[in-house]
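Asks: Read the sequence shown against our numbering and you will find it ends at 664, with the numbers running on by one and no gaps.
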Amino acid sequence: MAWIPFLAAGDGSVPPLFALLAIMLLGVVLVSLLLVRFRQSLLVGYFLCGVAIANSPALGMLGEDAGHQLTAMADFGVILLMFTVGLEFSLRDLKYLRRWSLVGGGLQMGGCALLAGMAAWWAGCGLQAVIVAAVAMAMSSTAVSIKSFHDQGLAASPGARFALAVAIFQDLFVILFLLILPILLTPGTGSVSLAAALGNLLLKGGGFVAVAWALSTWGIPRILHGVAMSRSRELFTLAVVGLLVGLAFLAGLLGLSLALGAFVAGLAVSESIFKHRILAEIERLKDLFLTLFFVSIGLTIQLDTAFQYGWQIITLALALLVLKTTVITVTGKWVGLSSGPALVGAAGLASAGEFSLLLLQKAEGASLWSSAFHQVLVAGSALSMGLVPAAIRWAAIWGARLDRSDRRKHSAAHPIPAEARHRITDLRDHAVLCGFGPVGRQLDAALRDLGVPRLIIELNAETVKRLKAEGHAVLFADAADEVTWELAGLDRARLVAFTFTDSPVVAAGLHHIRERYPKVTVIARARFGSDVARLQALGADHVIHDEAESGRAVAEVGKRIYEEM
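1. Within its chain, find whatever has a CB closer than 6 Å to the CB of A652; leave out the 5 residues flanking it on each side and keep chain order.
2. Where does H644 sit, in a helix, a strand or coil, going by DSSP?
3. Pick from S438, L134 and F392: whose alpha carbon is nearest that of I496?
4. What separation, rounded to the nearest whole angstrom, lies between the Cα atoms of P603 and D645?
5. For Q122 and G203, what's the separation of their Cα atoms in angstroms?
6. Thinking C-beta only, is V619 closer than 8 Å to R593?
7. Would you call the segment 115-129 in contact with the segment 351-369, where contact means no fewer than 3 C-beta pairs closer than 8 Å?
8. Leaving out five residues on either side along the sequence, give the residues of the same chain with a beta carbon under 8 Å from the beta carbon of D640.
9. Keeping to the same chain, check which residues put their C-beta closer than 6 Å to that of R76; ignore five residues upstream and five downstream.
10. Count the other CB atoms, across all protein chains shown, that sit within 10 Å of the CB of K658; report buried if there are 16 or more and exposed otherwise.
11. Answer with buried or exposed for M217, where buried requires no fewer than 16 other C-beta atoms within 10 angstroms of its C-beta.
12. Which full runs of the alpha helix (DSSP H) of 4+ residues lie inside the segment 208-236, going along the chain?
13. Give the straight-line distance between the Cα atoms of S329 and C533, rounded to the nearest whole angstrom.
14. G588: which of D548, R553, G185 and A478 sits nearest, CA to CA?
15. Can L586 and F575 be called in contact, C-beta distance under 8 Å?
16. CA-CA distance, V229 and A219?
17. Enumerate in chain order the residues of its own chain whose CB-to-CB distance from H671 is below 7 Å, with the five nearest sequence positions on each side excluded.
18. Under 8 Å between the Cβ atoms of L142 and F393?
19. How is I400 classed by DSSP in three states: helix, strand or coil?
20. Taking 7 Å as the limit between beta carbons, can you name the residues of its chain near S510, skipping five residues before and five after?
21. Should H324 be labelled buried (16 or more other beta-carbon atoms within 10 Å of its own) or exposed?
22. Using 8 Å for Cβ pairs, my map puts C224 next to K423. What's the rounded Cβ distance?
23. So, do the segment 469-483 and the segment 448-461 have three or more beta carbon pairs nearer to each other than 8 Å?
24. Name the DSSP beta bridge partners of T620, please?
25. Looking only at its own chain, which residues have a Cβ that is under 6 Å from the Cβ of L402, when we skip the five neighbours before and after it?
26. Hey, S455 and M181 are a contact pair by Cβ (cut 8 Å); roughly how many whole angstroms apart?
27. Taking the straight line between their C-alpha atoms, what separation do you get for V243 and F388?
28. Judging by CA-CA distance, which residue of G305, A309 and G341 is the nearest neighbour of I322?
29. Name the DSSP bridge partner or partners of E557?
30. Which of the three DSSP states is assigned to S649 in this structure?
31. I'd like the list of long-range same chain contacts for F373, defined as Cβ closer than 6 Å, with 5 residues on each side in sequence excluded.
32. Are L355 and L278 close, meaning C-beta to C-beta below 8 Å?
33. Can you round the beta-carbon distance between L275 and F307 to whole angstroms, since I take them to be within the 8 Å contact cut?
34. Looking at the unbroken alpha helix (DSSP H) that takes in E363, where does it start and where does it end?
35. Could you spell out the range, first to last residue, of the alpha helix (DSSP H) harbouring V429?
36. Please classify Q207 as buried or exposed, where buried requires at least 16 neighbouring CB atoms within 10 angstroms.
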């Protein structure tokens, strides 16, 4: 580090903030390469990089102002995160996942916040600190869980979908909580003044949302359309960032949270035709500034204090994983999941999250607790996030064992309603259709015209209810589970068709089919060319390559157009 005094004591041509950014970004790259090798979360690597910088001579040589400027830049990362949350939010998704999201998310937040609040109260925190700590510890890391599910081939599993549904509820909850957080952090707020402050806040918030809705209906689409017509990518990016910052600034002028303004800005364009282009333009900016956010959190950690309270930090991280996994698994069972998916979803949500660190950062600035307590909370939260990938791997193994155990215990019970069970038992030479989307519906209609009996396997509860009402033979089951194929009477079936292109689920289903029912014919869909050979190797008799079929259809249409000229 001998070159750092040179930067600090030079002629001033290298600004301290630029030097800190250079050190930070190079350190992030090196740490991240190591974490990628061991399949760990990169967000934790950013945090560790901040810890390393904070406890090296670099920060002292460059001056504290550089650290404060970096923290100010990191706040923009939070604003971008909230913007993308609003942009990706969908009322259709909420409607589809409403039971898992509203009921499951509410039970998860309530149960986890209650346990965390009791622990904070036992630790001697005041009421305001208890509320903030309870909410912070109940939040989970959506970024870490989604990345871990994707890396382990579980992105389309019921457990991952349950985790996504709960994460939607958490996002909505934290938006409202960030709105009232300034009131909670104001010392000496009485019940009367609290009610008045909340009323004033609701009035301002309602006015802001009304203005944003009017802009999203009449103003913003016209602006974005005009910018898009210019065909200038730079101008489009500038317009999006201007929209984001402008609405966040308006929220700030009204005394509301900047995060709320960013969320509403994302919500304002979430249903527009420009949504996906905006998301593509903003994603890289978000990743960069979120890196700064995690590094800035790491800058607050002092290693001597962390070592002094090492056991408390480890205990907090393990307590989060164990207690939240337990609460969320019970919640998943409550909303209808089997033991395995409930455990997998719970493992993905068992850690603290990005908003946990944000809330802890704001609470520390309001002096709600001691510096040592803050160090324990932040370091324990970050450590729990780093353990999520391992927790999901463990949950996937033990979840499969739990499901097998449940099947043995309840095989004589009623896995499906009696009427449907008898109908499925009576099926002979039937076709099993996995999924009832557009492809599944077309295949069902074609086989119906031929008089072929069909059994549909579907995980959308609303679709299952509708199909049952229409008289279809249908199972509400997961194609990746072994017991599904026993219930489907595959020893009497002639055809299995996977009508979706989810390779991990199809691969798991093919494994069970070929292991016990080698004679049944299997049709599968592959989205990419690399999946074709893999599915064939797993035992699919016919693989429909979507890209190849689309290419032939496009070529045929193009050829016919010119032949008719």
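Every residue gets a Cβ at the ideal spot worked out from N, C-alpha and C, and that includes glycine.
Being a predicted model, the structure only gives us computed values, none of them experimental.
Replies: From the atom records:
1. none
2. strand
3. S438
4. 17 Å
5. Reading the sequence as shown, one finds Ile at residue 122 and not Gln. Distance between the alpha carbons of I122 and G203 is about 43 Å.
6. yes
7. no
8. T620, V621 and I622
9. This structure does not reach residue 76, given that the chain is present from 100 up to 664, and the question cannot be answered.
10. exposed
11. exposed
12. none
13. 45 Å
14. R553
15. no
16. 5 Å
17. With the chain running from 100 to 664 in the structure shown, residue 671 is simply not present.
18. yes
19. coil
20. In this prediction, S510 scores a pLDDT of 42, lower than 50, which makes its location untrustworthy; the coordinate-derived value is nonetheless stated afterwards. There are no such residues.
21. exposed
22. 19 Å between Cβ atoms; not a contact.
23. yes
24. L594
25. N154
26. Incorrect: roughly 15 Å between the Cβ atoms, too far for contact.
27. 17 Å
28. G341
29. F575
30. helix
31. L323
32. yes
33. L275 to F307, Cβ: 14 Å. No contact.
34. What sits at residue 363 in the sequence shown is Val, not Glu. Element bounds for V363: L357 to A367.
35. G409 to W433
36. buried
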